[in-house]
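**Q** The sequence shown begins at 905 in my numbering and counts up by one. Note that the Cβ used here is the ideal one computed from N, Cα and C, for glycine as well. These figures come from a predicted structure and were not determined experimentally. Quick one: structure below, then a few questions.
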Amino acid sequence: IVVTILDSAYTVMLSAEQDFQGEGWLYIAVQDDSLASAADSLLVLVESPLALDGKQIDNPYIFDLASNYPNPFNPVTTIRYTVGGSEITIVDVSIYNVLGQKVAVLSSGRYAPGRYKTEWNAAGYSSGVYIVCFTAGNGYRKARKILLLK
905 IVVTILDSAY TVMLSAEQDF QGEGWLYIAV QDDSLASAAD SLLVLVESPL ALDGKQIDNP
965 YIFDLASNYP NPFNPVTTIR YTVGGSEITI VDVSIYNVLG QKVAVLSSGR YAPGRYKTEW
1025 NAAGYSSGVY IVCFTAGNGY RKARKILLLK
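Laid out in C-alpha cells, this is it:
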C-alpha cells in the first residue's frame, strides 16, 4: 500500500471484523521527495467496545497480563497489564529467574481498574529466560516467560 500525503496532518482509520479481539504490530515507513525515509512501528490493540446496543458496560476491564514487547529483548522490554474488577486492588508485577528467585519488582501497590504498562531495564542481568508474574489481591495470578538476549 502506498499512501501519498499532501499536507502535514493525515488520519488513518483501522477497523476490525465484528467480535474480533487481539493485538498486532503496525509497521509504518515514509519517504519524501528527497528519498529521505523513516520507519517506526506501534502495537495495535483491538478490544471489546465499551457499549453494546446502547447499553453501557459497567466495567470493561478484566485482569490480564499481556505479552511483553519486544520479546526477545535487549535490554529493555515493556510489560502491559490490566487491573479488572470494580475496586482498587493490590497489585504486584515482579520478575523471577528460572530458579524462582525474585530479581526485580516492577510495580507494587494499590491500583484502580484500568490498563497499565511498565518497563524492565535488564541491563544488569544475564541473558536467559525470566518469568514476569502478575498478581492481584483478589487471587488472580498470571505468569509469562520472557527472553533476554544480549
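Contact between the stretch 1012-1023 and the stretch 984-994 is defined here as three or more beta-carbon pairs at a separation below 8 Å; is this criterion met?
**A** They touch, by the three-pair rule.
**Q** Measuring alpha carbon to alpha carbon, tell me which residue in S990, S938, V1036 and R1045 is nearest Y973.
**A** Checking every option, the nearest Cα to that of Y973 belongs to V1036.
**Q** Pull up the CB-CB distance for L1052 and S1031, whole angstroms please, since I reckon it's below 8 Å.
**A** Contact holds; Cβ gap of about 5 Å.
**Q** In three-state terms, what does DSSP make of K1054?
**A** Three-state DSSP puts K1054 in coil, outside helix and strand.
**Q** In the DSSP output, what is N1001 paired with across the bridge?
**A** Y1034.
**Q** What distance in whole Å lies between the Cβ atoms of G988 and Y1015, which are believed to be in contact at a cut-off of 8 Å?
**A** About 10 Å separates the two Cβ atoms, so there is no contact after all.
**Q** Give me whichever residues DSSP pairs with L949 in a beta bridge.
**A** The partner list for L949 (beta bridge, DSSP) reads E927.
**Q** So G1104 is in the beta strand (DSSP E); what residue range does that whole segment cover?
**A** Here the chain comprises residues numbered 905 to 1054, so residue 1104 is not present and cannot be evaluated.
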